[in-house]
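Take a look at the structure below.
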Amino acid sequence: MWLAIWLTKLGVRVRIIDRAAAPGTTSRALAVHARTMEFGDQVGVADAMAAAGVRIEALNIWVGGRRAARVPIRDIGEGFSPYPFPLFLPQDVHERQLIDRLRDLGVTVERSTALTSVTQDAQCVRAELTRDGVSEIVEVSYLAGCDGASSTVRDQLGIGFPGGTYTGAYYVADVDASGPAVDKGVHIDLENVDFAIVFPLKAAGRVRLIGVIRDLADSSGDLTFEDVRGNAIAHLQLDVTAVHWFSTYRVHHRVAERFRSGRAFLLGDAAHIHSPVGGQGMNTGIGDAVNLSWKLAAVLRRRAGESLLETYEPERIAFARRLVATTDRVFTVVSAPGGFARIVRTKLVPVIAPYVTRIAALRRFIFRIISQIRIEYRHSALSEGEAGSVHGGDRLPWVELPSGATNFAPLASLDWQVHVYGGARRDLADACSQLGLALHCFGWTAKMAAAGFERDALYLIRPDGYVAWADPGAAVDRLHRYLRDRSISAK
Ligand SMILES: Cc1cc2nc3c(=O)[nH]c(=O)nc-3n(C[C@H](O)[C@H](O)[C@H](O)COP(=O)(O)OP(=O)(O)OC[C@H]3O[C@@H](n4cnc5c(N)ncnc54)[C@H](O)[C@@H]3O)c2cc1C
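Just so it is clear: in the sequence shown, position 259 is 254 by my numbering, and no numbers are missing.
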C-alpha cells in the first residue's frame, strides 16, 4: 500500500490486489521508526499515524523480578528527525489508515484476488489473477511482488530465498493487564531464556507481550496463553485479565537472491525476513517501496532511462543483508541459553544501558541505527560527491529553520530538487530553472553546520529525500553532467 500511495502520488496508474478477503485485524508490526514517518510525511500520512500511535517513553530492563534500569527514549533522536521517537502503531490500524489514504487518491485494493502465475517479455509482464474461481490475465508494465514471506511472485520468478529458521518458537499476545509494567514504556525481562517483552498499546491497560515458548514440539499445537504464562510474566509483576489475540510463530532469517527479474520486483517480506529484534521488518519493506516507487514513476513517465531501475536491487539488498546479519547477532545474545549470555543480559546490559543513553554521541548512534535514518546508498551508481560531511547517497540531514519550518518541507513535492544552505549563485538559479529543478535556498545557520552541511554547496536531492550528488563548488556544468550521464530529467 505504501508503494501504491507513492506511485499514485507520482502520477502512475496502479492496480493493487490481495488474496486476503479483508484487511488484517491483528496488531503484528508495532514499531514505526523515524525514517518511515519521514516518508509518510512526504505523502501526507504521518500526522494520522502519529495521532493513532503511542510515543514510547522509556525502555525498562527487569532482572530478578524488579526493574533494574530505566532508559528514557521519548526524545532520543531530538535534533535529527522531525520524529525523534519510536512510535508504536498496530499494523491493522496502520493498514486501515493506508486504505483510507489510497481511497482518497482514487485507488481501491482488489480483495480475494490471488496472483497465480507470472510470465514476462521485454515489453510487459503477464500475470494470471484468480478471483472466485475465475481467471484473468492482465498485462502490466511492471509487477511489484509485495506478497509476503511465501511470495508466489518470488517462486514464479525462480528466485531463491536462502537462509534458515531459528530453533526456538515464540508467542505474541495482546492482553489487558495491570502492574508497574503497564505504562508508555517497553519492559524487558532478561532473567531467563524465556524472556518476555511488554509493549504499550494505545487502549488504556492494553499491552502486547512477546516471549519464548519452551516446549513447542511437545505441545498439541493448540497452545493458549495459559500455556505460556510463565516466569517471565510473573517477574514483570503483570496481572493479565483478558487475552485479545494470541499467536505463535517461528523466526526466520532469509534474503532473496535477487530483488528483480526483468520487469518484476520483490519488496518487503517477499525479499527479506529476519528476527523481530528492533522492529525493523515492516519499516524495511516500506523503505523498499519508497525506493522503487520514484524510479518506476520516472521510467514510466519517460523522465529516466530504464537503467535507473538497476539501482533498486543494489541499494536495497545491501541493507537487507546487513540487517539480517545484525538482528541475527542481537537475537542470538537475547535468546541464548548458557552462562555467558545470561551474564551479558542480567549483569552487563542493565548497568551499561542507562549510561549509554546519557552520552549524546551514543544516543545519536543508537537512534540513527534503529530509526533507519542511517541507511545510506553511498555505493550506488546514483551517488556522487561530498560537501561538508554529507555524501552523495546519504539521507538529507534534517534541520529546523529560524522560521519554524524545516528543510524537509519541500520534499512533499516528490520531485528532484536542489538545496543550497547559504546563498546560491545566479548561474545555479538559471541552470535549475532551465532543468526544471526547484532550487531551495536556506539562509545559513549554525544548525546547518552541526547537521554536516557546507555553506553555499549544492545538494541535489532525489524524490525520496536522499542526496544524489553533493558539490562544494556548486558547479553548474557538473549538475548538467550528473543528470545527463544518468539520463535523468526533472521535467
Ligand atoms: C509478531 C510480529 C511482530 C512484528 N513486529 C514488527 C515491528 O514492530 N516492526 C516491523 O517493522 N516489523 C515487524 N514485524 C514484521 C512485519 O509484520 C512484516 O515485515 C510485514 O508485515 C511485511 O509486510 P509485507 O507487506 O511485505 O508482507 P505481508 O504483511 O505478509 O503481506 C503480504 C500480503 O500479500 C498477500 N498475498 C500473498 N500471496 C498473494 C498472492 N499470491 N496473490 C495476492 N496476494 C497475496 C497477503 O494476503 C498479504 O496481504 C512483525 C511480525 C510479526 C509476526
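We put the beta carbon where it would ideally sit given N, CA and C, even for glycine. As the structure is a computational prediction, the values presented were derived from the model and not from experiment.
Under the DSSP definition of a beta bridge, which residues are partnered with residue i?
{"i": "residue 238", "result": "170"}
{"i": "residue 124", "result": "110, 131"}
{"i": "residue 194", "result": "203"}
{"i": "residue 67", "result": "53"}
{"i": "residue 256", "result": "259"}
{"i": "residue 90", "result": "In DSSP, residue 90 forms no bridge with anything."}
{"i": "residue 434", "result": "413"}
{"i": "residue 461", "result": "390"}
{"i": "residue 380", "result": "465"}
{"i": "residue 269", "result": "None; residue 269 has no bridge partner."}
{"i": "residue 455", "result": "413, 464"}
{"i": "residue 43", "result": "BP columns for residue 43 are empty, so no partner."}
{"i": "residue 489", "result": "A query on residue 489 cannot be resolved here, the shown segment of the chain reaching from -4 to 486 and no further."}
{"i": "residue 164", "result": "208, 245"}
{"i": "residue 82", "result": "27, 50"}
{"i": "residue 401", "result": "395"}
Work out the CA separation of residue j and residue i for me, nearest whole Å.
{"i": "residue 371", "j": "residue 127", "result": "44 Å"}
{"i": "residue 112", "j": "residue 78", "result": "41 Å"}
{"i": "residue 386", "j": "residue 377", "result": "12 Å"}
{"i": "residue 381", "j": "residue 118", "result": "38 Å"}
{"i": "residue 457", "j": "residue 154", "result": "29 Å"}
{"i": "residue 149", "j": "residue 267", "result": "11 Å"}
{"i": "residue 19", "j": "residue 282", "result": "21 Å"}
{"i": "residue 165", "j": "residue 190", "result": "10 Å"}
{"i": "residue 241", "j": "residue 225", "result": "15 Å"}
{"i": "residue 312", "j": "residue 279", "result": "11 Å"}
{"i": "residue 93", "j": "residue 265", "result": "20 Å"}
{"i": "residue 248", "j": "residue 471", "result": "46 Å"}
{"i": "residue 204", "j": "residue 219", "result": "13 Å"}
{"i": "residue 463", "j": "residue 438", "result": "22 Å"}
{"i": "residue 63", "j": "residue 129", "result": "59 Å"}
{"i": "residue 168", "j": "residue 374", "result": "41 Å"}
{"i": "residue 392", "j": "residue 469", "result": "18 Å"}
{"i": "residue 114", "j": "residue 17", "result": "27 Å"}
{"i": "residue 296", "j": "residue 116", "result": "20 Å"}
{"i": "residue 364", "j": "residue 132", "result": "43 Å"}
{"i": "residue 136", "j": "residue 120", "result": "6 Å"}
{"i": "residue 160", "j": "residue 238", "result": "28 Å"}
{"i": "residue 435", "j": "residue 401", "result": "12 Å"}
{"i": "residue 379", "j": "residue 465", "result": "7 Å"}
{"i": "residue 316", "j": "residue 422", "result": "43 Å"}
{"i": "residue 61", "j": "residue 69", "result": "22 Å"}
{"i": "residue 299", "j": "residue 473", "result": "18 Å"}
{"i": "residue 103", "j": "residue 200", "result": "35 Å"}
{"i": "residue 369", "j": "residue 395", "result": "19 Å"}
According to the neighbour-count rule (16 or more other Cβ atoms, all chains shown, within 10 Å of its Cβ), is residue i buried or exposed?
{"i": "residue 275", "result": "buried"}
{"i": "residue 356", "result": "exposed"}
{"i": "residue 397", "result": "exposed"}
{"i": "residue 15", "result": "exposed"}
{"i": "residue 338", "result": "exposed"}
{"i": "residue 221", "result": "exposed"}
{"i": "residue 51", "result": "buried"}
{"i": "residue 22", "result": "buried"}
{"i": "residue 251", "result": "buried"}
{"i": "residue 318", "result": "buried"}
{"i": "residue 475", "result": "exposed"}
{"i": "residue 322", "result": "buried"}
{"i": "residue 256", "result": "buried"}
{"i": "residue 134", "result": "exposed"}
{"i": "residue 184", "result": "buried"}
Since I believe residue j is in contact with residue i (beta carbons under 8 Å), could you give me their beta-carbon distance rounded to a whole number of angstroms?
{"i": "residue 5", "j": "residue 409", "result": "6 Å"}
{"i": "residue 110", "j": "residue 12", "result": "7 Å"}
{"i": "residue 26", "j": "residue 83", "result": "6 Å"}
{"i": "residue 97", "j": "residue -4", "result": "6 Å"}
{"i": "residue 359", "j": "residue 75", "result": "7 Å"}
{"i": "residue 197", "j": "residue 399", "result": "The pair is not a contact, with the Cβ atoms about 29 Å apart (cut-off 8 Å)."}
{"i": "residue 461", "j": "residue 388", "result": "7 Å"}
{"i": "residue 413", "j": "residue 455", "result": "6 Å"}
{"i": "residue 341", "j": "residue 186", "result": "6 Å"}
Inter-stretch contact at 8 Å, needing at least 3 Cβ pairs: the region 293 to 307 / the region 54 to 61 = no
key: Inter-stretch contact at 8 Å, needing at least 3 Cβ pairs: the region 81 to 96 / the region 404 to 416   = no
query = Counting pairs of Cβ atoms below 8 Å between the region 170 to 177 and the region 229 to 243, do you hit three or more?
reply = yes
message = Measuring CB atoms only, is the region 260 to 272 touching the region 131 to 151, in the sense that at least three cross pairs come out at less than 8 Å?
response = yes
inquiry  = Can you confirm whether the region 446 to 456 touches the region 410 to 418 when touching is taken to mean that 3 or more C-beta pairs between the two stretches lie within less than 8 Å?
reply    = yes
ask   = Would you call the region 420 to 433 and the region 478 to 486 touching, i.e. three or more CB-CB distances under 8 Å?
value = yes
key: Touching by the beta-carbon criterion (3+ pairs, under 8 Å), the region 43 to 53 and the region 283 to 292   = no
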